[in-house]
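Residue numbers (my numbering), protein chains in the order written: chain R, 20 to 273; chain Z, 460 to 728; chain G, 164 to 343.
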């Protein structure tokens with residue numbers, strides 16, 4: 020008669036005994052790999068696998084800094100070469116080069132632009148463009164107040180340069196800036212155009228949509244402005260857009 | 460437990476040599492046909508050798524079963540070590556010569572020449588490695604006198620090799636070596652045995668992985684395979700009674716095959 | 164069992180070999196924040212190698228994660244290059260902390276003479292030291308080396324924590340917004 024219980028125990032012992040060599044091999048290999056890597060990447064030992072170049076001594080470069088008396092510290096990027104032996108095509112980016120811009124974008128992505136059935140025409144600018152202004156000077160109003168409004172002195176401002184830059188790089192923030200500038204200066208058709216272009220690049224900028232609809236209102240296309248606002252509100256729930264639409268409706272009732 | 464699905468298959472693998480339980484395996488079948496043909500030729504001896512458990516006894520029994528319908532065949536499956544008794548039994552069984560006392564070789568040969576059979580009687584000797592060299596010499600002399608034909612089955616060990624070579628080399632008409640079964644042959648052996656007994660459900664539980672494990676454990680030895688199967692089905696019968704949900708009918712459990720192997724001593728644990 | 168052992172060995176090799184290489188690729192692509200985050204997660208793999216540590220530190224610096232420089236500062240000390248970079252990072256961390264103190268607590272930086280560098284934080288720190296503009300909550304400075312570039316320095320909150328921000332403008336257009 021078979022004693023199943025003791026047979027099962029004997030089987031378990033047999034399995035453990037059989038697995039032991041594999042476990043030992045695995046453990047041994049892990050130890051070897053760890054030891055090898057520790058040995059390989061140890062700074063005290065030079066191995067044929069890592070290409071260690073002599074570190075150049077730190078040079079204190081007398082840069083034309085804003086504060087001449089201060090010591091200038093500059094970092095060293097030589098270490099990249101020791102990492103990139105296997106991947107030779109490394110361009111060492113300049114530490115002072117600007118990172119990619121981080122635009123402020125509202126969280127909801129809106130497909131509002133797609134819902135406008137008829138393509139809106141670009142209105143040609145019939146107004147005279149202002150002459151090329153010099154550099155603006157920023158004046159801060161209410162110095163004691165924490166919230167600051169910034170007034171632009173447009174006398175020295177060159178909008179064309181910015182418009183050219185917008186044409187080349189399609190930066191929506193530049194587009195918004197230009198639309199805002201034109202709206203503030205009463206160039207509603209230009210404001211409409213640039214707001215339209217900005218929305219085409221990035222349709223999540225609230226202010227761009229507001230300038231767009233306000234420009235439509237100023238150009239006498241109130242119904243179109245209302246429709247646009249309704250569509251935009253249905254997607255974004257923008258409070259300012261709602262207020263604007265309510266204002267339009269009240270004016271319409273009058 | 461006796462009403463279990465596995466009790467009948469278990470009993471099929473009892474280590475009993477019964478020619479009716481003979482399972483035809485291609486390679487062995489071919490050898491058997493050759494053996495049957497060779498036995499009919501005018502020869503003195505046929506040597507059947509192989510490791511224990513390769514089916515020599517089964518083959519001899521089958522040969523005895525098949526030939527005895529047509530001619531005089533006598534099988535000594537358990538060796539008679541005493542020479543006098545050996546000859547006396549042979550004389551009695553073949554020539555119907557009854558004598559309570561042992562007879563000598565000379566008497567036997569005289570007896571053989573007096574009784575002239577149209578077909579030389581055949582004597583099948585199993586476990587011939589147990590016979591003494593002197594007795595083997597007498598057997599050689601009897602075969603030389605063409606009194607009898609001998610089919611000798613013995614285990615293949617170093618010693619037996621010497622016996623085979625030195626005493627019988629010139630006399631052996633044919634020597635047939637039986638080898639352990641390949642995994643495929645073992646699969647055929649097990650499944651045919653089960654199917655012959657209508658154990659279809661159990662026969663379908665064997666997959667290739669199971670067969671390879673069984674082949675690896677038994678090294679293709681039929682005797683060890685019988686013992687392993689017997690233990691395995693005993694285990695299955697127990698689990699069927701106590702833990703029926705543990706039994707899967709699509710394949711055998713590797714764990715239980717290994718447990719059966721531990722029980723039969725095929726695995727040392 | 165054999166199969167498990169082979170798979171485990173393979174995974175071990177894969178896991179171990181990849182982090183510095185991946186970080187280099189991310190740095191090349193300009194994904195500095197990703198490289199910095201990866202370095203943070205797998206710091207154990209990097210800490211024994213100064214080159215890897217430096218890569219991690221520069222990735223975080225480029226992603227404006229100044230606070231992450233503290234651990235590399237402690238560990239970069241074996242080679243001359245490492246010590247150079249450690250001093251550089253230390254200076255930036257100090258300048259950030261001093262700016263925070265100055266903006267939140269009206270701490271005067273006029274008497275301090277610290278090293279400087281070409282990094283934006285150092286530039287703005289130096290400009291602030293010269294002219295703290297106490298009346299303005301948003302301090303504005305133009306870059307003496309490039310009059311078309313201006314900087315705005317102000318306090319802000321990031322993930323509920325007080326910090327400082329610097330905006331870079333070119334011709335009055337916001338180019339980059341840094342939160343340190």
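We treat Cβ as the ideally placed atom computed from N, Cα and C, and that holds for glycine.
Using CA coordinates, which residue listed in the options is at the minimum distance from residue i?
{"i": "residue 471(Z)", "options": "726(Z), 693(Z), 644(Z)", "result": "693(Z)"}
{"i": "residue 167(G)", "options": "250(R), 213(R), 192(R), 46(R)", "result": "46(R)"}
{"i": "residue 546(Z)", "options": "664(Z), 638(Z), 525(Z), 599(Z)", "result": "599(Z)"}
{"i": "residue 222(G)", "options": "91(R), 92(R), 204(R), 96(R)", "result": "96(R)"}
{"i": "residue 612(Z)", "options": "592(Z), 485(Z), 651(Z), 520(Z)", "result": "520(Z)"}
{"i": "residue 555(Z)", "options": "573(Z), 592(Z), 699(Z), 478(Z)", "result": "573(Z)"}
{"i": "residue 329(G)", "options": "280(G), 234(G), 291(G)", "result": "291(G)"}
{"i": "residue 591(Z)", "options": "700(Z), 543(Z), 652(Z)", "result": "543(Z)"}
{"i": "residue 321(G)", "options": "220(G), 343(G), 197(G), 193(G)", "result": "343(G)"}
{"i": "residue 182(G)", "options": "209(G), 327(G), 220(G), 275(G)", "result": "209(G)"}
{"i": "residue 474(Z)", "options": "706(Z), 714(Z), 680(Z)", "result": "680(Z)"}
{"i": "residue 731(Z)", "options": "564(Z), 464(Z), 497(Z)", "result": "This structure cannot speak to residue 731(Z), because chain Z is shown only from 460 to 728."}
{"i": "residue 607(Z)", "options": "580(Z), 614(Z), 529(Z)", "result": "580(Z)"}
{"i": "residue 667(Z)", "options": "529(Z), 488(Z), 643(Z)", "result": "643(Z)"}
{"i": "residue 162(G)", "options": "298(G), 224(G), 332(G), 214(G)", "result": "This structure leaves residue 162(G) out entirely; chain G is present only between 164 and 343."}
{"i": "residue 563(Z)", "options": "538(Z), 597(Z), 638(Z)", "result": "597(Z)"}
{"i": "residue 508(Z)", "options": "677(Z), 585(Z), 704(Z), 464(Z)", "result": "585(Z)"}
{"i": "residue 102(R)", "options": "94(R), 59(R), 35(R)", "result": "59(R)"}
{"i": "residue 189(R)", "options": "209(R), 206(R), 179(R), 219(R)", "result": "219(R)"}
{"i": "residue 202(R)", "options": "25(R), 237(R), 179(R), 224(R)", "result": "237(R)"}
{"i": "residue 179(R)", "options": "252(R), 197(R), 30(R)", "result": "197(R)"}
{"i": "residue 463(Z)", "options": "684(Z), 661(Z), 686(Z), 715(Z)", "result": "661(Z)"}
Which residues share a DSSP beta bridge with residue i?
{"i": "residue 309(G)", "result": "306(G)"}
{"i": "residue 570(Z)", "result": "In the DSSP output, where bridge partners are listed per residue, residue 570(Z) has none listed."}
{"i": "residue 336(G)", "result": "333(G)"}
{"i": "residue 557(Z)", "result": "Residue 557(Z) pairs with nothing; no bridge assigned."}
{"i": "residue 583(Z)", "result": "534(Z), 610(Z)"}
{"i": "residue 279(G)", "result": "91(R)"}
{"i": "residue 635(Z)", "result": "507(Z)"}
{"i": "residue 215(G)", "result": "Paired residues: none, contrary to the question."}
{"i": "residue 342(G)", "result": "328(G)"}
My output table needs one value for residue i: the three-state DSSP class, helix, strand or coil.
{"i": "residue 69(R)", "result": "A caution first: residue 69(R) carries a pLDDT of 42, below 50, which makes its placement in the model too unreliable to give a value."}
{"i": "residue 285(G)", "result": "helix"}
{"i": "residue 210(G)", "result": "coil"}
{"i": "residue 315(G)", "result": "strand"}
{"i": "residue 265(R)", "result": "helix"}
{"i": "residue 710(Z)", "result": "coil"}
{"i": "residue 350(G)", "result": "The structure shown does not extend to residue 350(G), since chain G spans only 164 to 343, so no value can be given for it."}
{"i": "residue 249(G)", "result": "helix"}
{"i": "residue 205(G)", "result": "coil"}
{"i": "residue 604(Z)", "result": "coil"}
{"i": "residue 328(G)", "result": "strand"}
{"i": "residue 256(G)", "result": "helix"}
{"i": "residue 476(Z)", "result": "coil"}
{"i": "residue 719(Z)", "result": "helix"}
{"i": "residue 272(G)", "result": "coil"}
{"i": "residue 658(Z)", "result": "coil"}
{"i": "residue 301(G)", "result": "coil"}
{"i": "residue 194(G)", "result": "coil"}
{"i": "residue 272(R)", "result": "helix"}
{"i": "residue 683(Z)", "result": "helix"}
{"i": "residue 22(R)", "result": "coil"}
{"i": "residue 80(R)", "result": "With a pLDDT of only 48 at residue 80(R), under 50, the local geometry of the prediction cannot be trusted, and no value is derived from it."}
Inside the segment 480–540 of chain Z only - alpha helix (DSSP H) runs reaching at least 4 residues: 485–499, 515–526, all fully within the segment 480–540 of chain Z.
Three or more beta-carbon pairs under 8 Å between the segment 257–272 of chain R and the segment 643–660 of chain Z, yes or no? Segments in contact, no.
How about the segment 511–525 of chain Z and the segment 713–727 of chain Z: do they share at least three Cβ pairs that are nearer than 8 Å? Cβ pair count under 8 Å is below three, so no.
Below 8 Å, can you find three or more Cβ-Cβ pairs linking the segment 220–239 of chain G to the segment 261–275 of chain G? With a cut-off of 8 Å, the segment 261–275 of chain G and the segment 220–239 of chain G do not count as touching, because too few Cβ pairs lie within range.
Three or more C-beta pairs under 8 Å: does that hold for the segment 244–257 of chain G against the segment 211–231 of chain G? They touch, by the three-pair rule.
Counting pairs of beta carbons, one from the segment 21–40 of chain R and one from the segment 713–723 of chain Z, are three or more of them closer than 8 Å? Result yes; three or more Cβ-Cβ pairs closer than 8 Å.
Is the segment 475–485 of chain Z close to the segment 698–710 of chain Z, with three or more CB pairs under 8 Å? Verdict: no, contact absent.
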